[in-house]
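**Q** For the record, the sequence lines run as chains F and L. The opening position of the first sequence corresponds to residue 9 in the numbering used here, with each subsequent residue numbered one higher. The opening position of the second sequence corresponds to residue 9 in the numbering used here, with each subsequent residue numbered one higher.
Protein chains: 2
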Amino acid sequence: MDKILKSILKRVKPTPADRERLERATAELIEQTDATCSKLGIKAKAMLVGSAARNTWLRSERDIDIFILLPEGLSREELERQGLAVAREVAGKRGKESFAEHPYVTMRFKGFDVDLVPCYDIAKPSEIRSAVDRSPHHQRYITKHLKSELLDEVLLAKQFMLGIGCYGAELKVQGFSGYLCELLVLHYGSFEKLVESASGWKPSTVIDLERSYPDPSEAERMFEGQPLITIDPVDASRNVGAAVSMRSFATFVRACQDFAQGPGEQFFFPKPVRRLSAREIQATLERRGTTLFCVAFSPPDVVPDVLYPQLRKAERTLVTRLARAGFGVMRSDVWSNSQALILLELAVTRLPRVRTRVGPPVSIEVGDFIQTHLKSKRKFAGPFVDTAGRLIFEIEREQASAREVLEQALGERTTLGRHVGEAIARGYQIYKGKNIVQLCKDEKVSEFISEYLTRCLPWYR
Amino acid sequence: MDKILKSILKRVKPTPADRERLERATAELIEQTDATCSKLGIKAKAMLVGSAARNTWLRSERDIDIFILLPEGLSREELERQGLAVAREVAGKRGKESFAEHPYVTMRFKGFDVDLVPCYDIAKPSEIRSAVDRSPHHQRYITKHLKSELLDEVLLAKQFMLGIGCYGAELKVQGFSGYLCELLVLHYGSFEKLVESASGWKPSTVIDLERSYPDPSEAERMFEGQPLITIDPVDASRNVGAAVSMRSFATFVRACQDFAQGPGEQFFFPKPVRRLSAREIQATLERRGTTLFCVAFSPPDVVPDVLYPQLRKAERTLVTRLARAGFGVMRSDVWSNSQALILLELAVTRLPRVRTRVGPPVSIEVGDFIQTHLKSKRKFAGPFVDTAGRLIFEIEREQASAREVLEQALGERTTLGRHVGEAIARGYQIYKGKNIVQLCKDEKVSEFISEYLTRCLPWYR
Chain F
9 MDKILKSILK RVKPTPADRE RLERATAELI EQTDATCSKL GIKAKAMLVG
59 SAARNTWLRS ERDIDIFILL PEGLSREELE RQGLAVAREV AGKRGKESFA
109 EHPYVTMRFK GFDVDLVPCY DIAKPSEIRS AVDRSPHHQR YITKHLKSEL
159 LDEVLLAKQF MLGIGCYGAE LKVQGFSGYL CELLVLHYGS FEKLVESASG
209 WKPSTVIDLE RSYPDPSEAE RMFEGQPLIT IDPVDASRNV GAAVSMRSFA
259 TFVRACQDFA QGPGEQFFFP KPVRRLSARE IQATLERRGT TLFCVAFSPP
309 DVVPDVLYPQ LRKAERTLVT RLARAGFGVM RSDVWSNSQA LILLELAVTR
359 LPRVRTRVGP PVSIEVGDFI QTHLKSKRKF AGPFVDTAGR LIFEIEREQA
409 SAREVLEQAL GERTTLGRHV GEAIARGYQI YKGKNIVQLC KDEKVSEFIS
459 EYLTRCLPWY R
Chain L
9 MDKILKSILK RVKPTPADRE RLERATAELI EQTDATCSKL GIKAKAMLVG
59 SAARNTWLRS ERDIDIFILL PEGLSREELE RQGLAVAREV AGKRGKESFA
109 EHPYVTMRFK GFDVDLVPCY DIAKPSEIRS AVDRSPHHQR YITKHLKSEL
159 LDEVLLAKQF MLGIGCYGAE LKVQGFSGYL CELLVLHYGS FEKLVESASG
209 WKPSTVIDLE RSYPDPSEAE RMFEGQPLIT IDPVDASRNV GAAVSMRSFA
259 TFVRACQDFA QGPGEQFFFP KPVRRLSARE IQATLERRGT TLFCVAFSPP
309 DVVPDVLYPQ LRKAERTLVT RLARAGFGVM RSDVWSNSQA LILLELAVTR
359 LPRVRTRVGP PVSIEVGDFI QTHLKSKRKF AGPFVDTAGR LIFEIEREQA
409 SAREVLEQAL GERTTLGRHV GEAIARGYQI YKGKNIVQLC KDEKVSEFIS
459 EYLTRCLPWY R
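1) Could you confirm whether any beta carbon from chain B is found closer than 8 Å to the beta carbon of Gly297(F)?
2) Sort Ser205(F), Arg287(F), Asp123(F) and Ser185(F) by Cα distance to Asn443(F) and report the nearest one.
3) State whether the region 199-219 of chain F contacts the region 352-359 of chain L, with contact taken as three or more CB pairs (one from each stretch) at a distance under 8 Å.
4) Please identify the residue among Lys201(F), Ile136(F), Ala291(F) and Ser458(F) whose C-alpha is closest to the C-alpha of Arg84(F).
5) Can you give the beta carbon distance from Leu17(F) to Leu164(F), rounded, assuming they're within the 8 Å contact cut?
6) In the DSSP assignment, what are the bridge partners of Cys302(F)?
7) Quick check: the region 145-155 of chain L against the region 110-126 of chain L, are at least 3 beta-carbon pairs closer than 8 Å?
8) How big is the Cα-Cα spacing for Phe392(F) and Ala60(L)?
9) For Phe392(L), return the contacting residues in chain F, with the cut-off set at a CB-CB distance below 8 Å.
10) Going straight from the alpha carbon of Glu404(F) to that of Arg295(L), what length do you get?
11) Just reading off the beta strand (DSSP E) that Gly390(L) is part of, what are its end residues?
12) Report the three-state DSSP secondary structure of Met115(F) (helix, strand or coil).
13) I'd like to know if Tyr468(L) contacts chain F, where contact means its C-beta is closer than 8 Å to some C-beta of that chain.
14) Contact between the region 422-430 of chain L and the region 325-332 of chain F is defined here as three or more beta-carbon pairs at a separation below 8 Å; is this criterion met?
15) Flag this pair as touching only if the region 181-201 of chain F and the region 220-235 of chain F have three or more C-beta atom pairs under 8 Å; answer yes or no.
16) Rounded to a whole number of angstroms, what is the C-alpha to C-alpha distance between Val122(L) and Gly103(L)?
17) Cβ closer than 7 Å: which chain L residues qualify as neighbours of Val362(F)?
18) Note down, in chain order, each residue of its chain lying with its Cβ closer than 6 Å to the Cβ of Val453(F), except the 5 sequence neighbours on either side.
19) What is the rounded straight-line gap between the Cα of Ile289(F) and the Cα of Arg282(F)?
20) Using only the alpha-carbon positions, how far apart do Phe490(L) and Tyr460(L) sit?
21) Could you give the DSSP three-state label for Thr238(L): helix, strand or coil?
22) For Asn247(L) and Thr292(F), what's the separation of their Cα atoms in angstroms?
23) Does the beta-carbon of Glu323(F) have 16 or more other beta-carbons within 10 angstroms, so that it is buried, or is it exposed?
24) Quick one: Cα of Ser285(L) to Cα of Gln318(L), how far?
25) Run down chain F in chain order and give the residues with a C-beta less than 9 Å from the C-beta of Arg262(L).
26) For a cutoff of 8 Å on Cβ pairs, would you count Pro24(F) as touching chain L?
27) To be precise: take each residue of the region 225-258 of chain L, compare its Cβ to all Cβ atoms of chain F, and keep it if any distance is under 9 Å. Which residues remain?
28) Note down the Cα distance separating Asp42(L) from Arg62(L), rounded to an integer number of angstroms.
29) Write down the C-beta distance between Phe257(F) and Pro235(F) rounded to the nearest angstrom, noting that I regard them as a contact closer than 8 Å.
30) With a threshold of 8 Å between beta-carbons, can Val356(F) be considered close to chain L, or not?
31) Counting only C-beta atoms, is Pro79(L) closer than 8 Å to chain F at any point?
32) Beta carbon of Val193(F), beta carbon of Leu179(F): below 8 Å?
33) Can you tell me which of the three DSSP states Met470(L) falls into?
34) According to the Cβ coordinates, are Gln347(F) and Pro312(F) closer than 8 Å?
35) List the residues of chain L that Pro211(F) touches, going by C-beta distances under 8 Å, in chain order.
36) I'd like to know whether the C-beta atoms of Ile38(L) and Ala52(L) end up nearer to each other than 8 Å.
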């Protein structure tokens, strides 16, 4: 185990040269930002936050988060106006404005991805006005509590999450943020102890470093339905693991169980997905015997944190609509890059014309149920009573083809998420079965489809 | 309403001539039986029971039940030996031995179906040794309590049950026995009041004429899961409605609701099922778009009360096996006459080769689940984790064709009921889809298939 962890550390820990490069860049950015504040006569100061500030960054991470702290007294509009003025001036032409909870500026700088984020400088974390105001407090908490012996442990935890595909709180991943990894290591005392404990996690696990909730079941109730509940030490009303989906949670727990049984480098650095050729994709589809529908459209121009929840909403809507029409969806997925894709894999794409319509149970008056169906031209048989005592009509199925159901559901924009709904309304294409290889000329799509067809937890690849 | 009931009574009430014919036959049978007892030196006496004894028989009913009451002191073997000796002698060559809870003799006599049933003459109903010993007590109870004004009401209730297809406690019908109809009328005071009350019945309705259970919920617990609980006035440990299936229960309740809303003769005398021609059967199947499998075999030589539960057991087994293999059965039915048939109607008869295998939830150790499937040649994809956090493998389906599943299940005799299992093991044929018309050369089969395809509550025909 030790040998493996040492070998991993060697690969993920920034070298002195890496560190120097980062430090030079951050120093320069802080200086520039502070100078810009003076120059524009704005009362604000720059603060480096995130893993770069805490020495918990992986060599592969190239993110610098500079927060521009403005006085509490400002109105929201003023904060945005003054903060963005500074950020824009610092970034210059390299800058690009983005919008999460409120606007910020991103730029490339000396090989790093830099975020310049205006926020309020609020003394008490309980009084913050938006999520970003919390970051400086996180920064202070971790700096204070995370001893230097634990820095390597955090790197291992983060690389482990990265390897198993669960790193990042962004909505595309719905996984573990860097801050969450730091808190977990802080709580358990080492990467190995984290792995050991997490092997036994059940959904609704509560981790409460500051014992903000004397009774953990209270925290469980407060964050009901969230698989991992990690109380933010700087704000007990917040679950740092709120983004962790059941899929990420279960993946991490399984990874810990497997790693505890047989540690290996493949958890940190899994083999990449092998890209299948067009012929292999067709052969795999043939072998599976299912029908894969792929809805393709131009992705709307929104950030991934807006796009992915909408893609998943659209996916759920389509799955539900198909299921209601009698077409069980075996597996589905979404993806976006230069194109947005919704995959739906079905066992059956045609159903018989007749279907069963179940009436109210015997203890409930039938009302118009019988009369309505009795007169209907769509009646095949009924009313009769089945062995369970239910009243049954057999009537004509509205839609006997899955494609019809799909096309109808795609026509109802409102249930697909706002931007995705609009994008689909502008136009889409359905690729069915082997025709999907037409999309696979795009290397990225081909990778996604290959991963879908050979899907496997990364450490089993 | 009154007009309808009067008109029905006119059709179902035996005429004086009918009555005379019956009385002559029963008197002769009683006399013969008593004489035979003397002749054989057997200490026993004949008793007429059932509707013939109570003046609650419908003109269409031609049953005479003669019970041969033997002394309590006899052993079971002696009871059967002596009782059957009398019955055989009375019936002579016309007799046929049958076996329910114990043996009895049936015969045709002057146009009537006669049962000659040996039983113990037991003073207290609570001390009876088998179900048949109860009949003389029922006889005495009804004779004592059912006033002559109620006799017509019983006839209406029985004809109503007959019309809606719920008359008879035999296991083919699983409906309402004559005795049950008598008790219901006795309890509610008239046919109309019965209909009115039953319109509001919910499953687990308790009817307790003698208030044997001061707390009805106790009766409900005692007969849990039985839709209609009618406590036997002569034996509180027995539910007279035990045979009533959920289907019969719900059918009767719906019929009462509909009759109360719009009474009509069609409840008592529904139109017969129209027999479809071979061409119509094929067209109906085509229109439904489903696949109908019909398993046909020679019925085993057992009474219907033994055969039907086994046919239904076999039906349930096949439905379950198909469902487990991924083939939902839309509707199914059984039937027997010169052939035994099990019908299974499926929406889909072929499934893709791949299927999903779900592992244990995240809170449970996986054990060998992963290793077993990982090495399997039948693996398509996995292990991976789905959005619900479940561990998934995609593996090759054992049986991708419904017919294969069906044939395999039919090969496993033990799960099909003893006699039916043996009969199927001797040989069967599967008719698929339109081939079923080959069976329809038999008029009775054709009637059954026609009824199946146009199924409808009788009063809606």
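Each residue gets a CB set at the ideal place from its N, CA and C atoms; glycine is no exception.
**A** Let me spell this out:
1) Absence of chain B from the displayed structure is noted, the protein chains being F and L.
2) Taking the first residue of the first sequence as position 1, residue 443(F) is located at position 435. Minimum Cα distance to Asn443(F) is reached at Arg287(F).
3) no
4) On the first sequence, residue 84(F) is found 76 positions in, with the first residue counted as 1. Nearest option by C-alpha distance: Ile136(F).
5) Indexing the first sequence from 1 puts residue 17(F) at position 9. Indexing the first sequence from 1 puts residue 164(F) at position 156. At roughly 7 Å, the Cβ-Cβ gap stays under 8 Å, so Leu17(F) and Leu164(F) are in contact.
6) Locating residue 302(F) in the first sequence gives position 294, where the first residue counts as 1. Bridge partners of Cys302(F): Leu351(F) and Tyr439(F).
7) no
8) The sequence position of residue 392(F) within the first sequence is 384, counting from 1. The sequence position of residue 60(L) within the second sequence is 52, counting from 1. Whole-angstrom Cα-Cα distance: 33 Å.
9) Within the second sequence, the letter at position 384 stands for residue 392(L). Going along chain F in sequence order, the residues near Phe392(L) (Cβ under 8 Å) are Arg463, Cys464 and Leu465.
10) If you number the first sequence from 1, residue 404(F) lands on position 396. If you number the second sequence from 1, residue 295(L) lands on position 287. When rounded, the distance between both Cα atoms is 9 Å.
11) In the second sequence, counting from the first residue as 1, residue 390(L) sits at position 382. That run of the beta strand (DSSP E) goes Lys387 to Val393.
12) Within the first sequence, numbered from 1, the residue matching residue 115(F) stands at position 107. Here Met115(F) sits in strand by DSSP.
13) Taking the second sequence and counting its residues from 1, the one referred to as residue 468(L) is at position 460. Yes, contact with chain F.
14) no
15) no
16) Residue numbering aside, residue 122(L) sits at position 114 when the second sequence is read from its first letter. Residue numbering aside, residue 103(L) sits at position 95 when the second sequence is read from its first letter. About 9 Å.
17) The residue given as residue 362(F) occupies position 354 in the first sequence. Within 7 Å Cβ-Cβ: Arg296, Gly297 and Thr298.
18) Locating residue 453(F) in the first sequence gives position 445, counting from the first residue. Cβ neighbours of Val453(F) beyond the five flanking positions: Leu447.
19) Here the question's residue 289(F) lines up with position 281 in the first sequence. Here the question's residue 282(F) lines up with position 274 in the first sequence. Approximately 12 Å, taken between the alpha carbons.
20) Examination of residue 490(L) is not possible in this model, given that chain L is present from 9 through 469 alone.
21) Start at 1 with the first residue of the second sequence, and residue 238(L) comes out as number 230. Three-state result, Thr238(L): strand.
22) Your numbering for residue 247(L) matches position 239 in the second sequence. Your numbering for residue 292(F) matches position 284 in the first sequence. One C-alpha to the other measures close to 60 Å.
23) Indexing the first sequence from 1 puts residue 323(F) at position 315. That one is buried.
24) On the second sequence, residue 285(L) is found 277 positions in, with the first residue counted as 1. On the second sequence, residue 318(L) is found 310 positions in, with the first residue counted as 1. If I take the Cα positions, the gap works out to 30 Å.
25) For the purposes of this step, residue 262(L) is taken as the residue at position 254 of the second sequence. Near Arg262(L) (Cβ distances below 9 Å), the residues of chain F are Val370, Val374, Ile378, Pro391, Val393 and Leu399.
26) Taking the first sequence and counting its residues from 1, the one referred to as residue 24(F) is at position 16. Chain L, which has no Cβ nearer than 8 Å to the Cβ of Pro24(F), makes this no.
27) Pro235, Ser253, Met254, Arg255, Ser256, Phe257 and Ala258
28) Along the second sequence, read from residue 1 onward, the residue named residue 42(L) stands at position 34. Along the second sequence, read from residue 1 onward, the residue named residue 62(L) stands at position 54. Cα to Cα, the separation comes out at about 20 Å.
29) The residue given as residue 257(F) occupies position 249 in the first sequence. The residue given as residue 235(F) occupies position 227 in the first sequence. Yes, Phe257(F) and Pro235(F) are in contact; Cβ-Cβ is about 4 Å, under 8 Å.
30) In the first sequence, counting from the first residue as 1, residue 356(F) sits at position 348. Interface residue, yes.
31) Position 71 of the second sequence, counting from 1, holds the residue named residue 79(L). For Pro79(L), the answer is no, since every Cβ of chain F falls outside 8 Å of its Cβ.
32) Position 185 of the first sequence, counting from 1, holds the residue named residue 193(F). Position 171 of the first sequence, counting from 1, holds the residue named residue 179(F). Contact: no.
33) As shown, chain L starts at 9 and ends at 469. That puts residue 470(L) outside it, with no answer to give.
34) Residue 347(F) sits at position 339 when you count from the first residue of the first sequence. Residue 312(F) sits at position 304 when you count from the first residue of the first sequence. Against a cut-off of 8 Å, the Cβ pair of Pro312(F) and Gln347(F) comes out as no contact.
35) Taking the first residue of the first sequence as 1, we reach residue 211(F) at position 203. Here the neighbours are Val370, Ser371 and Gly397.
36) Position 30 of the second sequence holds residue 38(L). Position 44 of the second sequence holds residue 52(L). Contact: no.
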